[in-house]
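Number of protein chains: 2
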Amino acid sequence: MIDVAQSAGVSIATVSAFVNGSANVSAELRQRIETAIRDIGYKRNAIARSLKMGTTHTIGLTVPHITNPFFTEVVSVIQQAFDRAGYAVMLFCTDEHLHNQDDQIGLLLDRMVDGLIVARVGDDAKFREIIGGASVPVVLIDRLCRGVETDAVVLDNRQAVFEAISYMIGLGHRRIGYISGDVDVSTIRERGEGYRRAMEAAGLAVSDELVRLGDFHEADGYRAAMQLLMLPDRPTAIFSANNPMVVGAMKALRDLGLTCPDDISVACFDDFAWADVFQPQMTTIAQPVQAIGEQAARLMLDRLGGKAPAEPRVVTLRGRLMIRNSCAPARR
Amino acid sequence: MIDVAQSAGVSIATVSAFVNGSANVSAELRQRIETAIRDIGYKRNAIARSLKMGTTHTIGLTVPHITNPFFTEVVSVIQQAFDRAGYAVMLFCTDEHLHNQDDQIGLLLDRMVDGLIVARVGDDAKFREIIGGASVPVVLIDRLCRGVETDAVVLDNRQAVFEAISYMIGLGHRRIGYISGDVDVSTIRERGEGYRRAMEAAGLAVSDELVRLGDFHEADGYRAAMQLLMLPDRPTAIFSANNPMVVGAMKALRDLGLTCPDDISVACFDDFAWADVFQPQMTTIAQPVQAIGEQAARLMLDRLGGKAPAEPRVVTLRGRLMIRNSCAPARR
DNA sequence: GAAGAGTTCCAAAACGTTTCGGAATAATGG
DNA sequence: CCATTATTCCGAAACGTTTTGGAACTCTTC
Numbered sequence: 001m002i003d004v005a006q007s008a009g010v011s012i013a014t015v016s017a018f019v020n021g022s023a024n025v026s027a028e029l030r031q032r033i034e035t036a037i038r039d040i041g042y043k044r045n046a047i048a049r050s051l052k053m054g055t056t057h058t059i060g061l062t063v064p065h066i067t068n069p070f071f072t073e074v075v076s077v078i079q080q081a082f083d084r085a086g087y088a089v090m091l092f093c094t095d096e097h098l099h100n101q102d103d104q105i106g107l108l109l110d111r112m113v114d115g116l117i118v119a120r121v122g123d124d125a126k127f128r129e130i131i132g133g134a135s136v137p138v139v140l141i142d143r144l145c146r147g148v149e150t151d152a153v154v155l156d157n158r159q160a161v162f163e164a165i166s167y168m169i170g171l172g173h174r175r176i177g178y179i180s181g182d183v184d185v186s187t188i189r190e191r192g193e194g195y196r197r198a199m200e201a202a203g204l205a206v207s208d209e210l211v212r213l214g215d216f217h218e219a220d221g222y223r224a225a226m227q228l229l230m231l232p233d234r235p236t237a238i239f240s241a242n243n244p245m246v247v248g249a250m251k252a253l254r255d256l257g258l259t260c261p262d263d264i265s266v267a268c269f270d271d272f273a274w275a276d277v278f279q280p281q282m283t284t285i286a287q288p289v290q291a292i293g294e295q296a297a298r299l300m301l302d303r304l305g306g307k308a309p310a311e312p313r314v315v316t317l318r319g320r321l322m323i324r325n326s327c328a329p330a331r332r
Numbered sequence: 001m002i003d004v005a006q007s008a009g010v011s012i013a014t015v016s017a018f019v020n021g022s023a024n025v026s027a028e029l030r031q032r033i034e035t036a037i038r039d040i041g042y043k044r045n046a047i048a049r050s051l052k053m054g055t056t057h058t059i060g061l062t063v064p065h066i067t068n069p070f071f072t073e074v075v076s077v078i079q080q081a082f083d084r085a086g087y088a089v090m091l092f093c094t095d096e097h098l099h100n101q102d103d104q105i106g107l108l109l110d111r112m113v114d115g116l117i118v119a120r121v122g123d124d125a126k127f128r129e130i131i132g133g134a135s136v137p138v139v140l141i142d143r144l145c146r147g148v149e150t151d152a153v154v155l156d157n158r159q160a161v162f163e164a165i166s167y168m169i170g171l172g173h174r175r176i177g178y179i180s181g182d183v184d185v186s187t188i189r190e191r192g193e194g195y196r197r198a199m200e201a202a203g204l205a206v207s208d209e210l211v212r213l214g215d216f217h218e219a220d221g222y223r224a225a226m227q228l229l230m231l232p233d234r235p236t237a238i239f240s241a242n243n244p245m246v247v248g249a250m251k252a253l254r255d256l257g258l259t260c261p262d263d264i265s266v267a268c269f270d271d272f273a274w275a276d277v278f279q280p281q282m283t284t285i286a287q288p289v290q291a292i293g294e295q296a297a298r299l300m301l302d303r304l305g306g307k308a309p310a311e312p313r314v315v316t317l318r319g320r321l322m323i324r325n326s327c328a329p330a331r332r
């Protein structure tokens with residue numbers, strides 16, 4: 001910019017005013033500055049600008065796993081929304097590790113991101129502490145945190161799972177295995193509740209042996225499904241609390257020579273693009289990924305634009321049960 | 001930092017030296033500064049640091065579609081690698097649009113990213129121009145660009161497709177439909193060549209009606225497959241140049257009441273996690289995503305660390321044909 | 001023609017760091 | 001005890017912007 005100023009024979013204040021369109025500069029100077037900029041190939045340095053302005057036009061985004069199709073799509077939508085709004089997004093994956101999350105959010109904050117969108121990990125207290133130090137708006141997606149008051153967009157997980165399990169019960173299933181994620185996560189707790197309530201509402205006992213804890217990954221789903229399928233009194237149906245784990249579960253079925261839905265009915269949380277082209281066509285709970293991403297972006301953009309109420313807004317969306325052919329009536 | 005300096009009764013130069021561990025400060029001052037930092041809750045401002053140092057410890061990454069499982073995984077690996085190295089990554093998706101790519105790379109450059117990793121889009125000349133202005137290292141992934149000399153990691157696409165098509169021919173298929181992407185992309189050109197060479201090597205004619213151009217998306221695959229399947233002399237096999245398009249193709253099969261592999265054999269480029277759990281188990285060409293991501297990160301990190309030769313290095317990896325059950329012997 | 005109002009423009013301070021050169025003090029060697 | 005060298009520390013400049021307050025100039029208007 002100083003070069004441009006010299007070349008055009010004006011002060012840097014003037015060229016700053018010009019590039020920002022803020023002040024009125026005479027036609028002649030405008031001309032001189034324009035050609036100087038073109039000649040020199042000047043581009044405004046966003047870092048210096050950020051330092052002065054105190055805003056980076058960047059938002060930080062952390063999710064547990066970008067390879068989980070649910071997060072992939074949400075990230076994609078969020079990314080597009082902010083792209084349109086002229087923001088860049090810095091992406092981190094915590095891989096469900098707490099210390100990663102700490103470091104990454106710290107990094108993001110150091111870099112003066114204007115906002116933080118996070119699908120959090122770990123227990124509430126720790127997260128509260130980390131996020132408490134943030135002086136920028138935070139919006140939580142997918143997973144809430146007790147005791148932190150911020151904008152959020154979540155799903156009615158309880159209701160969604162209740163519906164799915166009830167559907168399976170309606171097909172005559174009495175012993176339904178449930179593959180859970182880490183119960184430190186609000187989302188997972190709610191899904192578990194949905195399962196239990198549906199079972200109880202039908203007068204079915206939920207024995208401990210029917211619910212298996214996993215850690216969100218495919219391998220966990222495999223292991224959990226194996227345990228369920230080795231049970232003396234084998235469940236006739238399995239529900240997985242997320243997508244990667246259901247892939248693992250299906251591999252377990254395959255390895256045991258069982259077929260779905262003939263031997264075992266299967267359903268899971270989170271829909272995926274190819275769900276209705278391959279067999280079995282998986283019955284899933286579809287989250288409105290588009291809406292989740294857009295709402296998250298909107299909440300954030302509202303805050304950044306100063307047009308948001310002081311109190312936190314949490315928008316709760318509904319899942320949709322996508323009934324396909326991976327669940328069959330239970331055989332007596 | 002100025003507050004810390006005051007509180008500790010030292011100069012800001014000293015606290016800077018302390019936080020960087022660069023100079024030797026006496027034990028006493030170290031103590032004073034440490035408590036001051038803790039009391040105040042001081043965190044170094046990375047933006048100011050970047051401005052002064054001329055380095056942001058951030059790298060820019062642009063890919064066409066993050067929802068394409070291939071890119072999802074590569075992004076994931078790259079993200080992890082840079083995370084480990086203490087770098088942040090800014091992610092953009094071009095959605096195969098040239099103007100997006102221009103804007104995004106511009107944005108990234110303005111923000112003084114230390115390096116650029118890009119799976120590019122659009123024609124060579126335009127890209128050459130954009131990237132020419134960059135004064136930071138660039139590493140291309142997946143797609144090369146004629147006339148720009150940078151590090152890159154690519155696949156031997158020609159060979160991989162040659163192998164896959166030869167396999168199909170070996171099963172007795174004579175009319176093999178080919179669903180291509182945009183031929184402006186080097187990757188796609190090479191894959192097309194692989195197809196043609198395999199056909200020619202087997203003495204088969206490649207009629208124009210057998211190759212359909214798509215634009216990478218699922219909808220394109222659907223349309224292309226529909227056209228192929230409506231042909232008077234219907235192909236007995238279809239190969240798709242990427243994953244989203246094969247999903248579209250499978251939907252076309254379904255909608256026409258055709259089954260795979262009984263009626264039509266199908267294979268595609270890019271492997272995916274669930275490929276061997278659902279039916280038909282898709283025969284694919286698996287790219288070594290882990291290696292691609294890691295090599296890309298290594299090339300970049302080498303350059304940033306100054307320990308890379310002047311001349312560009314391009315590493316070429318091999319694909320692996322994953323034979324499953326989506327291709328059956330052709331029926332006479 | 002002078003006062004007042006509008007335009008244009010610029011000098012300089014500020015954002016929060018790093019770093020260079022030097023000053024003050026302490027240690028060493030003769 | 002003086003000269004030299006090492007050790008600690010600091011002042012100030014620099015990175016590339018934005019912004020404020022005011023200077024210089026040109027119009028109006030009476």
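If you're matching them up, the sequences are chains A and B in order. Going by UniProt numbering, the residue at position 234 of the first sequence is 234; the numbering climbs one at a time, nothing skipped. Going by UniProt numbering, the residue at position 59 of the second sequence is 59; the numbering climbs one at a time, nothing skipped. Each residue gets a CB set at the ideal place from its N, CA and C atoms; glycine is no exception. Keep in mind that this is a model prediction, so the values were computed, not measured.
- In chain A, no part has a C-beta under 8 Å from the C-beta of B:Val74; the shortest such distance is about 11 Å.
- Judged by their CB atoms, A:Phe269 and A:Ile285 are nearer to each other than the 7 Å cut-off.
- With a cutoff of 7 Å on beta-carbon distance, B:Ser240 and B:Ile179 are scored as near each other.
- Linking B:Phe82 to B:Val63 through their CA atoms gives a straight-line distance of about 16 Å.
- Per DSSP, B:Gly115 is one residue of the beta strand (DSSP E) stretching across Gly115 to Val118.
- A Cβ-Cβ contact shorter than 7 Å links B:Tyr87 with B:His57.
- For A:Asp151, no alpha helix (DSSP H) encloses it; the enclosing beta strand (DSSP E) starts and ends at Asp151 to Leu155.
- A:Leu91 reaches chain B at Gln79, Val89 and Leu91, counting residues in chain order whose Cβ is nearer than 7 Å.
- Between A:Val247 and B:Val277, the CB-CB gap stays under 7 Å.
- By the neighbour-count criterion, in which 16 or more other beta carbons inside 10 Å mark a residue as buried, B:Ala296 falls on the buried side.
- Residue contact with chain B for A:Val247: present (Cβ-Cβ distance below 7 Å to some residue of chain B).
- Listed as beta-bridge partners of B:Met322 by DSSP are B:Thr284.
- Residue pairing by DSSP puts B:Met90 in a beta bridge opposite A:Met90 and B:Gly60.
- As for any beta strand (DSSP E) of minimum length 3 sitting wholly inside the stretch 162 to 242 of chain B, the runs are 176 to 180, 211 to 213 and 237 to 240, ordered along the chain.
- Around B:Val154, the same chain offers Asp142, Leu144, Val314 and Thr316 as residues with beta carbons nearer than 7 Å, after the five sequence neighbours per side are excluded.
- B:Ser50 has its alpha-carbon roughly 15 Å from the corresponding atom of B:Met1.
- Contact annotation: in the stretch 204 to 228 of chain A, residues whose CB is within less than 8 Å of a CB in chain B are Glu218.
- Listed by position along chain B, the residues whose Cβ is nearer than 8 Å to that of A:Asp110 are Lys43, Arg44, Asn45 and Ala46.
- Per DSSP, A:Ser50 is one residue of the alpha helix (DSSP H) stretching across Ala46 to Met53.
- Within the stretch 188 to 203 of chain A, contact with chain B at the beta-carbon level (separation under 9 Å) is assigned to no residue.
- Taking a cut-off of 8 Å on C-beta distances, the stretch 319 to 332 of chain A does not touch the stretch 4 to 23 of chain B, as fewer than three cross pairs fall below it.
- The alpha helix (DSSP H) runs lying completely inside the UniProt domain "HTH lacI-type" (1 to 53) of chain A and spanning 4 residues or more are 2 to 8, 12 to 20, 27 to 40 and 46 to 53, given in chain order.
- Looking from the CA of B:Thr35, the closest CA among B:Asn100, B:Asp3 and B:Ile117 belongs to B:Asp3.
- The beta carbon of B:Lys126 does not come within 7 Å of any beta carbon belonging to chain A, so the residue lies off that interface.
- Linking B:Arg254 to A:Val185 through their CA atoms gives a straight-line distance of about 38 Å.
- Put simply, the CB of A:Met1 is far from chain B, with every gap to its CB atoms at 7 Å or more.
- Counting C-beta pairs closer than 8 Å gives fewer than three between the stretch 213 to 223 of chain A and the stretch 161 to 168 of chain A, which falls short of the contact rule.
- Short of 6 Å from the beta carbon of B:Phe18, and not among the five residues preceding or following it, lie these beta carbons of its own chain, in chain order: Val25 and Ile33.
- DSSP places B:Val247 in the helix class (H, G or I) of the three-state scheme.
- Taking 3 residues as the shortest admissible run, the stretch 258 to 303 of chain A contains the following complete beta strand (DSSP E) segments, listed from N- to C-terminal end: 265 to 269 and 283 to 286.
- B:Ile78: member of the alpha helix (DSSP H) spanning Pro69 to Arg84, first to last residue.
- For A:Ile131, the enclosing alpha helix (DSSP H) begins and ends at Asp124 to Gly132.
- Cβ-Cβ distances below 6 Å link A:Ile131 to Val138 and Val148 in the same chain, with the five nearest sequence neighbours on each side left out; the list follows chain order.
- DSSP places B:Ile141 inside the beta strand (DSSP E), whose first and last residues are Val138 to Ile141.
- By the neighbour-count criterion, in which a residue is buried when 16 or more other Cβ atoms sit within 10 angstroms of its Cβ, A:Asp208 is exposed.
- Contacts between B:Met250 and chain A, judged by CB atoms closer than 8 Å, involve Trp274, Val277 and Phe278 in chain order.
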